[in-house]
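This report concerns only the one structure given below.
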Amino acid sequence: MPAVYYLTSKYIGTEQKVGEILMNAFWAKLVESPSLPEKVIFLGDAVDLACEGSDALEDLAILEEKGVELLLCPICVDYYDEKDKVRVGRMTTMPEAIGIYQSDDRIVTIS
1 MPAVYYLTSK YIGTEQKVGE ILMNAFWAKL VESPSLPEKV IFLGDAVDLA
51 CEGSDALEDL AILEEKGVEL LLCPICVDYY DEKDKVRVGR MTTMPEAIGI
101 YQSDDRIVTI S
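When the letters of the sequence shown are read in order and numbered with the numbering used here, they come out as residues 1 to 111.
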């Protein structure tokens, strides 16, 4: 199982409506999986998934309780003005993210 999932969008694919359905199904099934990633990195509008009002929030909270580290890009959170809406995960730093990318060859991009 990959150690790190890397997300750059709040939906999967190019069609937003079906992509949001796919993303929600992804999280719902992942929480049931016996193999979980060590980390999930959220960039771009993917940070919305960790914020108040997200359909994925409950599943992300479960993953966090199971030990999955949820890392949010602070630049993205600020850009989308969601600092007060973040409900799961923690802010990462660019040096930390680069270190993860360089040290782990088990990275899967979900977009």
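Beta carbons are placed, not taken as given, at the ideal position from N, Cα and C, and that holds for glycine.
Source: prediction; values computed, not measured.
Identified DSSP bridge partners for residue i
i           : result
residue 69  : 39
residue 91  : 72
residue 110 : 7
Residue i (DSSP reduced to helix, strand or coil)
i          : result
residue 77 : helix
Cβ distance (whole Å) where residue i is taken to contact residue j below 8 Å
i          : j           : result
residue 71 : residue 41  : 5 Å
residue 18 : residue 47  : Their Cβ separation, rounded to whole angstroms, is 21 Å, which puts residue 18 and residue 47 out of contact at 8 Å.
residue 28 : residue 86  : In fact, because the Cβ distance is near 21 Å, the residues do not count as touching under 8 Å.
residue 4  : residue 90  : The pair is not a contact, with the Cβ atoms about 15 Å apart (cut-off 8 Å).
residue 6  : residue 20  : Rounded, the Cβ-Cβ distance is 19 Å, inconsistent with contact.
residue 45 : residue 101 : Actually they do not touch by this definition, with Cβ atoms about 20 Å apart.
residue 63 : residue 36  : 7 Å
CB contact below 7 Å: residue i versus chain B
i          : result
residue 68 : In the structure shown, chain B does not exist; there is a single protein chain.
Rounded C-alpha distance that separates residue i from residue j
i           : j           : result
residue 55  : residue 98  : 29 Å
residue 73  : residue 110 : 16 Å
residue 43  : residue 9   : 7 Å
residue 69  : residue 16  : 26 Å
residue 31  : residue 53  : 19 Å
residue 33  : residue 59  : 12 Å
residue 88  : residue 61  : 6 Å
residue 103 : residue 84  : 31 Å
residue 26  : residue 82  : 23 Å
Contact test: residue i Cβ vs the ligand NAP heavy atom, cutoff 6 Å
i          : result
residue 24 : Within the structure as shown, the ligand NAP is missing, as the structure has no ligands at all.
Runs of alpha helix (DSSP H) lying entirely within the stretch 3-51, each at least 4 residues, in chain order:
Taken in chain order, the complete alpha helix (DSSP H) segments of 4 or more residues contained in the stretch 3-51 are 16-30.
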